[in-house]
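Let me begin by presenting the structure, written as structure tokens, before commenting on it.
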Amino acid sequence: YITKDSRYSFNHVIKVIERLNRNQGIKVLVAEDSSTSRLFIKILLEQYRFNVIEAENGQVALAKLEEDPDIRMLITDHNMPLVNGYDLVRMLRYNSRFQDLVIIGLSAEGDNALSAKFIKAGANDFLKKPFYHEEFHCRVIHSLEAQEMLETIRDLANVDPLTKLKNRRYLFEEGERLFRESPEAISLAMLDIDHFKSINDTYGYIVGDNLLEAVGREILETFPGMLVCRFGGEEFCVMAKVDGQDLLDSLNVFLTRLRLKEFTEAKISLTCSVGMCCQAVDSLEELIRIADHNLYEAKRLGRDRIVS
Ligand code: GH3
Ligand code: MG
Ligand code: MG
Ligand code: MG
Ligand code: MG
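Quick note: the sequence shown uses UniProt numbering, first residue 103, plus one each step.
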């Protein structure tokens with residue numbers, strides 16, 4: 103494939119090799135009732151080093167997708183017994199778990215509307231059989247790379263580049279969902295490092311940045327399974343569907359850990375003030391507003407404490 107066409111540049115060859123190496127870990131499910139066609143597609147995909155799984159109809163495909171969340175891409179025929187390809191795509195896209203699955207439809211059927219039907223149902227692409235090998239390859243890679251790019255962009259939009267914690271944008275998006283799910287059961291805390299400005303003034307902002315990263319890691323470790331984010335500057339937010347007392351206990355553990363810890367060779371110590379809210383309120387904004395008010399109170403009362 104690489105050497106047959108002399109127009110490929112060296113850079114292109116390097117890209118193809120990198121792509122092939124990346125393909126090795128990627129699971130692709132081929133749903134196709136004709137065992138000959140299935141074998142043919144499997145061989146093509148294995149040439150591109152994909153890890154291929156097979157299903158002989160739409161129902162088996164659905165079961166395999168349900169049991170293996172690592173399947174990244176589905177190549178599906180349309181005419182199959184039990185569940186056809188079009189219905190399979192519709193069922194998958196109806197389920198939020200399969201939003202990121204790359205789907206490519208295939209059919210030998212003469213119906214020209216089928217390709218539009220597949221794409222409207224949520225397939226990433228559609229190919230008519232018989233197809234030219236290289237077109238199949240291009241379309242598979244194109245769809246996969248578009249999805250990979252989408253996921254990269256989504257990650258970048260949700261993550262704080264310094265601490266690698268989730269950012270404020272993610273808090274409002276995911277927090278809103280959590281809040282709507284169980285508005286009465288949510289507890290939230292705002293954490294703000296004490297006198298952080300003087301750390302920057304004394305040691306410089308690079309040390310300050312390193313400390314923020316270290317505190318971020320500390321927070322992630324202390325509140326496993328909770329929604330943790332860098333709210334901004336030296337402020338962090340922890341939110342979860344937990345009992346207020348449970349969150350308070352974890353926060354106390356965190357403040358104690360922080361007091362005992364010495365950061366960098368300079369043995370810098372830090373403290374943190376916390377405002378908490380675990381009362382029933384009408385909105386996420388209200389939850390944050392009360393926690394922030396309590397944080398202000400914690401600062402006023404002398405810092406290194408929790409006000410709830
Ligand atoms: P307080 O106890 O009242 O919270 O005092 P403070 O100094 O922590 O609060 P203040 O709001 O006055 O200052 C926050 C400081 O945090 C100022 C800013 O330089 C620093 N800061 C915010 N974001 C970053 C960052 O990304 N990197 C570094 N190094 N410093 C940051
Ligand atoms: Mg068929
Ligand atoms: Mg602050
Ligand atoms: Mg502060
Ligand atoms: Mg301040």
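Each residue gets a CB set at the ideal place from its N, CA and C atoms; glycine is no exception.
Is the beta carbon of V130 closer than 7 Å to that of L147? Closer than 7 Å, so yes.
Check for me: the alpha helix (DSSP H) holding G318 runs from which residue to which? Going by DSSP, G318 is part of the alpha helix (DSSP H) stretching over Y307 to T324.
By how many angstroms is the C-alpha of S111 removed from the C-alpha of R121? Across the structure, R121 and S111 are spaced so that their CA atoms are roughly 15 Å apart.
Using only alpha-carbon positions, find the residue among E168, T373, R151 and F356 that is nearest to A157. Between A157 and the set E168, T373, R151 and F356, the nearest pair of CA atoms involves E168.
Kindly identify the DSSP beta-bridge partner or partners of I143. In the DSSP output, where bridge partners are listed per residue, I143 has none listed.
Go through its chain and collect everything with a Cβ distance to A287's Cβ below 6 Å, but skip five positions before and after it. For A287, where only same-chain residues beyond five positions count, the Cβ hits under 6 Å are K343.
Do I408 and V376 have their C-beta atoms closer together than 7 Å? It is a contact, given that the beta carbons lie within the stated cut-off.
By alpha-carbon positions, which one of G334, H235, N312 and F338 ends up nearest to T324? The candidate whose alpha carbon is nearest that of T324 is F338.
Look at the Cβ atom of L208, then the Cβ atom of K231, and state whether they are nearer than 7 Å. Yes, the Cβ-Cβ distance between L208 and K231 is below 7 Å.
Please report the straight-line C-alpha distance between R270 and D170, rounded to a whole angstrom. Rounded to whole angstroms, the separation of the alpha carbons of D170 and R270 is 32 Å.
Considering just the uninterrupted stretch of the alpha helix (DSSP H) at G187, what are its terminal residues? Element bounds for G187: G187 to Y196.
Ignore the nearest five residues each way along the sequence and tell me which others in A368's own chain have a CB closer than 7 Å to its CB. Within its own chain, the residues whose Cβ lies closer than 7 Å to the Cβ of A368, once the five positions on either side in sequence are excluded, are Y305, listed in chain order.
Note down the Cα distance separating Y196 from G224, rounded to an integer number of angstroms. If I take the Cα positions, the gap works out to 9 Å.
My guess is that L164 and L203 are in contact by the Cβ rule of under 8 Å, so how many angstroms apart are they, rounded? So it is not a contact: roughly 12 Å between Cβ atoms.
Cα separation between P285 and S352? Cα atoms of P285 and S352: separation of roughly 21 Å, rounded to the nearest angstrom.
N226 versus V340: straight-line alpha-carbon distance, rounded: Approximately 37 Å, taken between the alpha carbons.
Contained alpha helix (DSSP H) runs [length at least 4] in the stretch 369 to 404, N- to C-terminal order: Secondary structure remark: continuous alpha helix (DSSP H) runs of at least 4 residues inside the stretch 369 to 404, in chain order: 386 to 402.
Is E367 near ligand 3, going by C-beta to nearest heavy atom under 6 Å? It does not: the Cβ of E367 is nowhere closer than 6 Å to a heavy atom of ligand 3.
Pick from Q201, L229 and I206 that is closest to G212, judged by C-alpha positions: Cα-wise, what sits closest to G212 is L229.
I want to know whether the stretch 255 to 269 touches the stretch 230 to 244 - three or more CB-CB distances under 8 Å. No, the stretch 255 to 269 does not touch the stretch 230 to 244.
Between E401 and ligand 1, is there a pair consisting of the residue's CB and a ligand heavy atom that are separated by less than 6 Å? In the sequence as presented, Glu is not what sits at residue 401; that position holds Lys. Correct: K401 has its Cβ closer than 6 Å to ligand 1.
Contact check, R405 vs D303, beta carbons under 7 Å: With respect to the 7 Å criterion, R405 and D303 are not classified as neighbours on the basis of their beta carbons.
Candidates I119, T366, E320 and F298: closest to G335 by CA position: The alpha carbon of G335 has as its nearest neighbour, out of I119, T366, E320 and F298, the alpha carbon of F298.
When DSSP labels each residue in this structure, what does I301 get in the three-state scheme? Helix at I301.
If you drop the 5 nearest sequence neighbours on each side, which residues of the same chain put their C-beta closer than 8 Å to that of K222? Spatial neighbours of K222 in its own chain (CB-CB distance under 8 Å, excluding positions within 5 residues in sequence) are not present.
Under 6 Å: does the beta carbon of residue 69 sit that close to some heavy atom of ligand 2? Here the chain has residues from 103 to 410 only, and residue 69 is not among them.
Which residue comes first and which comes last in the alpha helix (DSSP H) that contains I243? From DSSP, the alpha helix (DSSP H) with I243 extends over H235 to N260.
Kindly give me the distance between the Cβ atoms of F152 and N123, rounded to whole angstroms, as I take these residues to be in contact under 8 Å. Actually they do not touch by this definition, with Cβ atoms about 12 Å apart.
Tell me whether the beta-carbon of V154 lies closer than 7 Å to the beta-carbon of K166. Their beta carbons are not under 7 Å apart, which means V154 does not touch K166 by this criterion.
Which of the three DSSP states is assigned to N181 in this structure? The answer is coil: DSSP assigns N181 none of H, G, I, E or B.
Neighbourhood of P183 by C-beta distance below 7 Å, restricted to the same chain and skipping five residues each side: Around P183: D135 and N159.
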